[in-house]
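Structure, as structure tokens:
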Amino acid sequence: MTQKYVRLMTMLRLWLACFLLVPWGGLYAAASSDILLDIVKDCVDPKVANYCTQCRAPMAEAACTPDTSCRKTTEVWSINTEYVAIRDIKMCACPASFIHGLVMPLQVITGVEDPLRPEGIWQYAWDVAMQRIEANDIALVVNPQNFRSQNQLHVHLVRLKPEARTQFKTMATGTSADLMSIWQIAAALAKQQNLPDYGVLVTKAESGGFTVVVTAISPGPLFTQYVCR
Numbered sequence: 338m339t340q341k342y343v344r345l346m347t348m349l350r351l352w353l354a355c356f357l358l359v360p361w362g363g364l365y366a367a368a369s370s371d372i373l374l375d376i377v378k379d380c381v382d383p384k385v386a387n388y389c390t391q392c393r394a395p396m397a398e399a400a401c402t403p404d405t406s407c408r409k410t411t412e413v414w415s416i417n418t419e420y421v422a423i424r425d426i427k428m429c430a431c432p433a434s435f436i437h438g439l440v441m442p443l444q445v446i447t448g449v450e451d452p453l454r455p456e457g458i459w460q461y462a463w464d465v466a467m468q469r470i471e472a473n474d475i476a477l478v479v480n481p482q483n484f485r486s487q488n489q490l491h492v493h494l495v496r497l498k499p500e501a502r503t504q505f506k507t508m509a510t511g512t513s514a515d516l517m518s519i520w521q522i523a524a525a526l527a528k529q530q531n532l533p534d535y536g537v538l539v540t541k542a543e544s545g546g547f548t549v550v551v552t553a554i555s556p557g558p559l560f561t562q563y564v565c566r
């Protein structure tokens, strides 16, 4: 590994840390790697006891506080016994056409490196994304361990950039008929490329099924409409 490559990776990690942490300042005064875990544990069910005192970003409909602005609240899009989908805070102050959601397991699972990462999260995420984004434009993204600010597994629901599929043609990618073997395919791709840490992007394949892409850095900013500005 060259010194130039190491410097580049360090700069990218620092940039991404700032990029991911700053927007969550409306929820917490100090940066924390447990913000999303706290939301999963304390904020997605307003019927639980002491909801308003336990949750630091309560759902607006819970009427815990007069301040129900976007940055101070959790907006739940979908929830079942295994997963929850919420609005990402990156949507705050953005046009209504901009979509960025997060799907998380209700169980504590750290991320791409966790052996307990559930295969079912991809289908759940796709189903939620289908309600808000055109199928051909959906991108599901998980960041590498070294390029994330949060230690609760979360799948980003975003739009694919128009030029992304052209870029994929120059990369090693995988294909899957369904969404139940994505982690396995991604791990195999990462092994082929000697990537001990990797991010995953899933989108609809032009020939049918799904395209799986792995990257050494975060695939979201590279290939998707990750922010509205």
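Each residue of the sequence shown is one higher than the one before, starting from 338 at the first, in the working numbering. Cβ atoms here follow ideal geometry from the backbone N, Cα and C, with glycine treated the same way. What you are looking at is a predicted structure, and each value in this text was computed from that prediction instead of being measured.
Could you spell out the range, first to last residue, of the alpha helix (DSSP H) harbouring residue i?
| i | result |
| --- | --- |
| leucine 559 | 556–560 |
| alanine 646 | Limits of the chain in this structure are 338 at one end and 566 at the other, which puts residue 646 out of reach. |
| alanine 501 | 501–505 |
Is DSSP giving residue i helix, strand or coil here?
| i | result |
| --- | --- |
| glycine 448 | coil |
| glycine 457 | helix |
| methionine 428 | helix |
| serine 541 | As written in the sequence, residue 541 is lysine, which differs from the serine given in the question. Strand, per DSSP. |
| methionine 441 | strand |
| asparagine 551 | Inspection of the sequence shows that residue 551 is occupied by valine rather than by asparagine. Valine 551: strand per DSSP, three-state reduction. |
| valine 465 | helix |
| valine 377 | helix |
| threonine 402 | coil |
| isoleucine 372 | helix |
| threonine 510 | strand |
| leucine 349 | Confidence at leucine 349 is low in this model, with a pLDDT of 48, below 50, so its placement is unreliable and no value can be given for it. |
Please determine whether the Cβ atom of residue i lies at a distance below 8 Å from any heavy atom of the ligand PLP.
| i | result |
| --- | --- |
| cysteine 431 | Summarising the ligand content, the structure contains no ligands, and the ligand PLP is consequently not present. |
Hey, residue i and residue j are a contact pair by Cβ (cut 8 Å); roughly how many whole angstroms apart?
| i | j | result |
| --- | --- | --- |
| threonine 647 | phenylalanine 505 | Since the first and last residues shown for the chain are 338 and 566, residue 647 lies out of range. |
| leucine 373 | glutamine 489 | 4 Å |
| valine 440 | isoleucine 458 | 6 Å |
| histidine 437 | leucine 494 | 7 Å |
In the DSSP assignment, find the unbroken beta strand (DSSP E) run with residue i in it and report its ends.
| i | result |
| --- | --- |
| glutamate 420 | First, the amino acid is wrong: residue 420 is tyrosine here, not glutamate. Unbroken beta strand (DSSP E) run through tyrosine 420: 420–424. |
| alanine 476 | 475–479 |
Mind checking who residue i pairs with in its DSSP beta bridge?
| i | result |
| --- | --- |
| arginine 496 | Ile475, Gln562 |
| serine 434 | According to DSSP, which records beta bridges pairwise, serine 434 is partnered with nothing at all. |
| glycine 536 | Thr552 |
Decide if residue i is buried, meaning its Cβ has at least 16 other Cβ atoms within 10 Å, or exposed.
| i | result |
| --- | --- |
| threonine 561 | buried |
| valine 551 | buried |
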